[in-house]
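Let me begin by presenting the structure, written as structure tokens, before commenting on it.
In our numbering, the protein residues as written are 1 to 102.
Shown next, in the form of structure tokens:
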């Protein structure tokens, strides 16, 4: 099993309030959930109205599939035009089979 985890820093330069930030992030998170099979949450800068950090994860039995999915998700976030993407960090962890086939 392979688990990919990513954190991405987002900037909302046109935003002027926490309420506006929540609206943008809620929409972005819903679009991500609808398009990709992932877990996603705001993980940083909750009290800053022009910055956010989103964390998301995907898992699969195929390492390459996890890597491609993380890349597609980052590309999708950039392509929405809702936010400006800053730094991102990703990690793919591999877990051995706990229940080998018999």
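Every residue, glycine too, gets a C-beta built ideally from N, C-alpha and C. Only a predicted model underlies this, so the values are computations on that prediction, with no experimental measurement involved.
| message | Tell me the DSSP secondary structure of residue 87 in three-state form. | response | By 1-based counting over the chain shown, the position of residue 87 is 87. Note: residue 87 maps to strand in three-state DSSP.
| said: If you measure between the beta carbons of residue 38 and residue 82, is that distance less than 7 Å? | reply: As a working note, residue 38 is residue 38 in the chain shown. As a working note, residue 82 is residue 82 in the chain shown. Contact flag unset, no.
| query | Pick from 93, 86, 36: whose alpha carbon is nearest that of residue 73? | reply | The count along the chain shown starts at 1 and reaches residue 73 at position 73. Comparing Cα positions, the closest option is 36.
| Among all the DSSP beta bridges, which residues are the ones paired with residue 61? | Within the chain shown, residue 61 is the residue found at index 61, counting from 1. For residue 61, which the question treats as bridged, DSSP gives no partner whatsoever.
| query | Roughly how many whole angstroms lie between the Cα atoms of residue 87 and residue 98? | reply | Working through the chain shown from its first residue, we reach residue 87 at position 87. Working through the chain shown from its first residue, we reach residue 98 at position 98. Distance between the alpha carbons of residue 87 and residue 98: 34 Å.
| said: So residue 12 and residue 85 are supposed to be a Cβ contact under 8 Å. How far apart are they, rounded? | reply: Within the chain shown, residue 12 is the residue found at index 12, counting from 1. Within the chain shown, residue 85 is the residue found at index 85, counting from 1. Rounded, the Cβ-Cβ distance is 11 Å, inconsistent with contact.
| Touch check for the segment 59-75 and the segment 16-26: three-plus C-beta pairs under 8 Å? | no
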